[in-house]
Amino acid sequence: MILPVIMAGGSGSRLWPLSRQQFPKQFLTLDGSDSMLQSTVQRLSGIEHLAPLVICNEVHRFTVAEQFRANNLENSGIILEPAGRNTAPAIALAALTALRNGTDPLLLVLAADHIIKDEKKFCSAVINAENLAENDKLVTFGIVPASPETGYGYIRRGEKKTTEEASFDPGYNVDEFVEKPDLVTAESYLNSGEYFWNSGMFLFKASRYIEVLSKYCPEIVTSCKRSIELAQTDDDFIRVDKDAFESCPSNSIDYAVMEPLCKESGPCNVMVIPMDCGWSDVGSWSSLWEVKDKDAYGNAFFGDVMYVNTNNSYVHASEKLVTVIGLDNVVVVETKDAVLVSAMPEVQEVKKIVEKLKSDERSQWQHHREVYRPWGKFDTIDTGGRFQVKRITVKPGAKLSVQMHHHRAEHWIIVSGTAKVTNSGEESLLTENQSTYIPVGAIHSLENPGKVPLEMIEVQSGSYLGEDDIVRFEDRYGRLNQ
6 MILPVIMAGG SGSRLWPLSR QQFPKQFLTL DGSDSMLQST VQRLSGIEHL
56 APLVICNEVH RFTVAEQFRA NNLENSGIIL EPAGRNTAPA IALAALTALR
106 NGTDPLLLVL AADHIIKDEK KFCSAVINAE NLAENDKLVT FGIVPASPET
156 GYGYIRRGEK KTTEEASFDP GYNVDEFVEK PDLVTAESYL NSGEYFWNSG
206 MFLFKASRYI EVLSKYCPEI VTSCKRSIEL AQTDDDFIRV DKDAFESCPS
256 NSIDYAVMEP LCKESGPCNV MVIPMDCGWS DVGSWSSLWE VKDKDAYGNA
306 FFGDVMYVNT NNSYVHASEK LVTVIGLDNV VVVETKDAVL VSAMPEVQEV
356 KKIVEKLKSD ERSQWQHHRE VYRPWGKFDT IDTGGRFQVK RITVKPGAKL
406 SVQMHHHRAE HWIIVSGTAK VTNSGEESLL TENQSTYIPV GAIHSLENPG
456 KVPLEMIEVQ SGSYLGEDDI VRFEDRYGRL NQ
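So the number in the numbering used here is just where the residue sits in the sequence shown, counting from 1, plus 5.
In structure tokens form, the structure reads like this:
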């Protein structure tokens with residue numbers, strides 16, 4: 006049986022200002038109505054499989070859980086990485102978790118931030134690979150190249166396997182994994198017909214992966230085994246041991262396993278299945294424009310956009326009407342707190358903007374104005390020298406931590422729904438148009454006891470208004486030490 010392993014880590018900046026450190030691209034809705042993570046799960050419907058196992062950063066755990074809940078998607082657990090150690094250790098955590106549960110499934114390793122237009126071809130390629138993986142082959146999926154891309158690694162195919170089944174494509178031996186080439190080399194790869202883009206998707210037995218990884222990188226297996234042995238579970242979350250995992254070397258699956266196995270003498274144990282499915286890793290705004298449907302003028306738009314005399318451009322409107330006039334080959338992206346305008350060929354330089362935002366200690370590199378929490382979300386709608394105004398939404402049945410602040414007082418005004426407020430030991434129920442005051446230093450909590458979302462305006466005032474001025478005493482979401 007196939008166990009999908011969805012790699013939902015990473016905090017890329019190439020799609021800023023939509024992508025932020027605390028809300029990276031795998032959680033964005035870029036193509037259709039679902040996020041990239043949700044789409045990754047839903048395209049598996051054409052394959053017989055177990056509920057996916059997800060691997061993500063600790064900071065993103067509630068976003069992952071909420072996106073699964075919002076679309077009624079099942080999972081076999083959410084493994085939380087306390088630190089990034091690249092793909093080889095992450096996949097080892099998944100393999101060891103499956104083996105510890107007494108099973109030895111085929112692990113279908115997928116990134117949560119890819120677009121795949123033709124889901125039938127994707128599923129067909131995975132089904133073609135099952136027999137190879139069952140027979141101890143490590144299978145990767147090579148994207149049939151459509152252009153001489155310099156931003157992707159490549160796979161050079163070797164001998165084609167044979168089969169008696171005319172409808173079954175058995176794939177090729179892998180001769181070599183190749184680094185990202187320059188343009189001239191990429192053009193030669195495309196013209197030869199012998200190369201595929203390296204998709205970063207794999208299929209193999211959990212036990213076979215651990216066997217090969219133990220041979221080439223035994224220290225990764227040792228650290229990951231210890232991490233899993235000392236892991237703690239919290240609802241769907243699997244919290245691997247921090248110290249053990251941080252001692253693990255950082256290495257990719259390509260370097261740690263696939264490349265050295267490829268170079269072994271004897272029968273080839275690494276196979277590539279061609280996949281021509283409209284794939285993109287959406288590595289930049291220009292790559293997103295390339296895969297989007299366009300109008301007669303080469304434009305792709307998202308949201309409320311109006312244009313005059315504009316061609317070959319991508320415009321993304323998140324919150325406001327965006328109008329463009331007389332532009333060609335540009336990218337415009339609007340969010341609540343930032344706007345990007347770039348020439349299409351220069352969009353890779355957005356990382357320099359993110360680096361400058363970070364060095365200047367501006368919040369826009371890290372999170373959006375609207376921030377999601379396990380209990381709901383808040384939107385910072387106004388700020389000043391000694392005040393801050395937030396619109397807070399609390400999900401039915403959810404409760405914020407019991408907490409206090411050293412530097413700020415808060416005024417709460419209920420807009421809709423019902424709030425259960427504890428303020429210095431006294432409990433009260435507040436409804437629409439009622440309010441309360443939380444003094445500096447008061448221990449307090451907020452809960453939504455109702456069946457509809459609680460909407461509230463919070464006005465903070467004081468000498469320091471940062472999110473780190475929170476002392477938690479009780480928290481149902483495991484955040485007492487954060």
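Glycine residues also receive a C-beta, built at the ideal position from the N, C-alpha and C atoms. Because the structure is a prediction, the values reported are computed rather than measured.
To the nearest angstrom, how far is it from the Cα of residue i to the Cα of residue j?
| i | j | result |
| --- | --- | --- |
| His449 | Val277 | 58 Å |
| Ile7 | Ser44 | 18 Å |
| Lys363 | His65 | 19 Å |
| Met263 | Glu53 | 26 Å |
| Glu170 | Cys229 | With a pLDDT of 46 at Glu170, under the threshold of 50, the predicted position of this residue should be treated as unreliable, and no value is reported. |
| Ala57 | Ser81 | Ala is not the amino acid found at residue 57; the sequence shown has Pro there. If you take the alpha carbons of Pro57 and Ser81, they lie about 6 Å apart. |
| Pro254 | Thr227 | 10 Å |
| Phe86 | Val329 | Checking the displayed sequence, the identity of residue 86 turns out to be Glu instead of Phe. Cα to Cα, the separation comes out at about 42 Å. |
| Glu181 | Ile160 | 6 Å |
| Thr145 | Ser406 | 45 Å |
| Glu124 | Pro279 | 14 Å |
| Asp384 | Lys166 | 56 Å |
| Val320 | Leu332 | 11 Å |
| Ile11 | Tyr214 | 16 Å |
| Val149 | Ala191 | 13 Å |
| Ser172 | Leu78 | Only weak support exists for where Ser172 lies, its pLDDT of 45 falling under 50; the value from the coordinates is given anyway. One C-alpha to the other measures close to 32 Å. |
| Arg19 | Gly381 | 27 Å |
| Val114 | Leu208 | 6 Å |
| Pro265 | Ile121 | 29 Å |
| Ala70 | Val445 | 33 Å |
| Thr68 | Ser197 | 43 Å |
| Tyr312 | Glu351 | 22 Å |
| Ser421 | Glu295 | 43 Å |
| Cys273 | Asp281 | 23 Å |
| Asp473 | His373 | 17 Å |
| Ala95 | Val183 | 22 Å |
For residue i, does the count of other Cβ atoms within 10 angstroms reach 16, so buried, or fall short, so exposed?
| i | result |
| --- | --- |
| Thr238 | exposed |
| Ala13 | buried |
| His119 | buried |
| Asn62 | buried |
| Pro9 | buried |
| Ile488 | Outside the modelled stretch of the chain, which goes from 6 to 487, sits residue 488, for which no answer is possible. |
| Leu326 | exposed |
| Gln47 | exposed |
| Asn485 | What sits at residue 485 in the sequence shown is Leu, not Asn. It counts as exposed. |
| Glu432 | exposed |
| Thr398 | buried |
| Ala99 | buried |
| Pro110 | buried |
| Asp286 | buried |
| Asn314 | exposed |
I think residue i touches residue j, with their Cβ atoms under 8 Å apart; what is that distance to the nearest whole Å?
| i | j | result |
| --- | --- | --- |
| Thr502 | Glu366 | Since the first residue shown for the chain is 6 and the last is 487, residue 502 is missing from the structure and cannot be characterised. |
| Ala93 | Leu218 | 7 Å |
| Arg162 | Val179 | 7 Å |
| Asn334 | Ala343 | The Cβ separation is near 22 Å, so there is no contact. |
| Ala322 | Gly308 | 3 Å |
| Ile225 | Ala261 | 7 Å |
| Gln393 | Arg477 | With a Cβ gap of about 19 Å, Gln393 and Arg477 do not count as contacting. |
| Ser468 | Arg391 | 7 Å |
| Glu452 | Lys404 | 4 Å |
| Ile462 | Ile418 | 4 Å |
| Trp202 | Gly147 | 7 Å |
| Thr436 | Thr423 | 5 Å |
Where do the ends of the alpha helix (DSSP H) carrying residue i lie?
| i | result |
| --- | --- |
| Val46 | Met41 to Gln47 |
| Leu195 | Leu188 to Ser197 |
| Cys222 | It is not in any alpha helix (DSSP H) - Cys222 carries neither H nor E in the DSSP assignment. |
| Ile358 | Val355 to Ser364 |
| Val376 | No alpha helix (DSSP H) holds Val376; the beta strand (DSSP E) holding it covers Glu375 to Arg378. |
| Glu71 | Arg66 to Ala75 |
Can you give me the start and stop residues for the beta strand (DSSP E) that residue i sits inside?
| i | result |
| --- | --- |
| Glu86 | Gly82 to Glu86 |
| Ser318 | It is not in any beta strand (DSSP E) - Ser318 carries neither H nor E in the DSSP assignment. |
| Ser291 | Counting along the chain, Ser291 falls outside any beta strand (DSSP E), though it belongs to the alpha helix (DSSP H) covering Trp290 to Val296. |
| Asp384 | Gly381 to Thr388 |
| Ser204 | Tyr200 to Lys210 |
| Val59 | Leu58 to Asn62 |
| Ile7 | Ile7 to Met12 |
| message | My parser needs the alpha helix (DSSP H) runs of 4 or more residues fully inside the region 225-286; what are they? | response | 247-251 and 264-267, all fully within the region 225-286.
| query | Could you give the uninterrupted runs of the alpha helix (DSSP H) lying entirely in the region 78-139, keeping only those of 4 residues or more? | reply | Within the region 78-139, the complete alpha helix (DSSP H) runs of at least 4 residues are 92-105 and 124-139.
| Which runs of the beta strand (DSSP E), 3 residues or longer, sit entirely within the region 322-347? | For the region 322-347, whole beta strand (DSSP E) runs of length 3 or above, ordered along the chain, are 327-330 and 335-339.
| field | Segments of 4+ residues assigned as alpha helix (DSSP H) that fall wholly inside the region 399-473 | value | You should have found no qualifying run.
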